[in-house]
Amino acid sequence: FALTALSFVALATAYAGSDFSVESVWENSHSLQPLIYKITGTWGNHEGSMLLWVLILTFFGALVAVFGGNLPATLRANVLAVQGAIGATFFLFILTTSNPFVRLNPAPIEGRDLNPILQDLGLAIHPPLLYLGYVGFSICFSFSVAALIEGRIDASWARWVRPWTLVAWMFLTGGIAMGSYWAYYELGWGGFWFWDPVENASFMPWLAGTALLHSAIVMEKRSALKIWTLLLAILTFSLSLLGTFLVRSGVLTSVHAFATDPTRGVFIL
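Residue 295 is where the sequence shown ends in this note's numbering, and the numbering goes up by one at each step.
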């Protein structure tokens with residue numbers, strides 16, 4: 027986590043300092059932009075947003091490692107192993123297709139500027155909240171795979187999973203709500219809700235996450251719905267990944283899609 031955070035800070039510093047020798051900074055920033063838009067431009071593009079994704083992924087893994095002392099040692103080890111495997115996959119994706127630190131030589135004098143539509147305070151709140159929700163469900167997924175490895179699915183497992191589910195669900199709810207508000211005052215985005223493909227991509231894991239939260243509560247209190255809870259935990263994160271693929275691949279067109287690349291989208295799939 028510390029090394030990933032250092033990488034993200036380095037990229038954000040390049041944006042804040044208008045270091046146009048970095049290709050992504052040149053493509054998505056301008057020296058005359060307000061500082062807030064320079065910083066939010068860090069994740070206003072494909073490469074930077076994927077680095078934010080793995081930063082949050084490693085952050086949640088670090089939380090389990092630091093605050094998971096009440097978990098059985100084998101369960102925590104398996105959860106961290108699964109979380110690490112997910113992280114390694116995304117790191118491989120970034121290194122092979124989405125390196126945010128590609129350099130330009132000679133360095134351009136000025137940048138091309140961030141998309142004017144994205145020069146909004148909504149960019150500072152909406153994507154991070156969405157990612158905290160999407161990636162937060164990776165912990166639920168890791169707990170599910172760890173439970174399958176151990177063959178242990180009981181009320182105690184539900185008690186450990188439920189807080190992570192609630193936190194991820196709250197972040198995703200906040201991200202969707204902020205996105206709806208942003209879409210309301212942004213011309214051409216269809217108001218609060220337009221059943222747009224990108225909107226639906228966030229709504230699907232929210233529905234599954236809502237069902238998972240209720241199912242985990244029932245399982246914790248009554249030891250019922252064990253298989254259903256397990257499947258929902260796997261499904262919710264899978265839908266998050268599917269939504270990422272749909273948004274990144276360009277398979278579905280949307281006024282909310284700003285970082286599409288068919289080749290890289292297929293890699294995610």
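Don't be surprised by glycine CBs; every beta carbon is placed ideally from N, CA and C.
Backbone CA spacing between residue 137 and residue 40 [nearest angstrom]: Going by the C-alpha atoms only, they are around 12 Å apart.
Look at the alpha carbon of residue 207 and the alpha carbon of residue 98, and state the distance between them as a whole number of angstroms. 42 Å
Could you tell me whether the stretch 121-140 touches the stretch 79-97, using the rule of 3 or more Cβ pairs below 8 Å? Verdict: no, contact absent.
First through last residue of the alpha helix (DSSP H) which encompasses residue 33: 28-42
Would you identify the three-state DSSP class for residue 248, choosing helix, strand or coil? helix
Given a cut-off of 8 Å on the beta-carbon distance, is the pair residue 34 and residue 83 in contact? no
Is the beta carbon of residue 239 sitting closer than 8 Å to the one on residue 200? no
Same chain only: Cβ atoms within 7 Å of residue 94, ignoring 5 sequence neighbours per side: 102
Please go through the same chain and pick out, in chain order, the residues whose beta-carbon is closer than 6 Å to the beta-carbon of residue 47, but skip the five residues on each side of it. If we look at residue 47 and ignore the five residues flanking it on each side, its Cβ neighbours are 129, 130, 133.
Within the continuous alpha helix (DSSP H) that includes residue 128, where are the two ends? No alpha helix (DSSP H) contains residue 128, which DSSP labels as neither H nor E.
Start-to-end residues for the alpha helix (DSSP H) that takes in residue 79: 72-93
Under three-state DSSP, which class holds residue 46? coil
C-beta contact flag for residue 193 and residue 169 at 8 Å: no
Can you tell me whether residue 73 is buried or exposed, with buried defined as 16 or more other CB within 10 angstroms of its CB? buried
Do you know whose CA, among 167, 175, 179, lies nearest residue 249's CA? 179
Among residues of its own chain, excluding the 5 on either side of residue 152, which ones have a beta-carbon nearer than 7 Å to its beta-carbon? Answer for residue 152: 201, 204, 205, 208, listed in chain order.
Measure the Cβ-Cβ separation of residue 64 and residue 42 and say whether it is below 8 Å. In contact: residue 64 and residue 42 (Cβ atoms closer than 8 Å).
So the candidates are 71, 85, 60; which of them puts its Cα closest to the Cα of residue 54? 71
Residue 149 and residue 66 look like a contact to me (Cβ under 8 Å); what is the Cβ gap, rounded to whole Å? 4 Å
At which residues does the alpha helix (DSSP H) containing residue 143 begin and terminate? Neither: residue 143 is in no alpha helix (DSSP H) and is coded neither H nor E.
Alpha carbon to alpha carbon, how far is residue 31 from residue 236? 30 Å
What distance in whole Å lies between the Cβ atoms of residue 167 and residue 107, which are believed to be in contact at a cut-off of 8 Å? Actually they do not touch by this definition, with Cβ atoms about 13 Å apart.
Buried or exposed (CB count within 10 angstroms, at least 16 for buried), residue 210: exposed
Taking just the CA atoms, how far does residue 181 sit from residue 244? 9 Å
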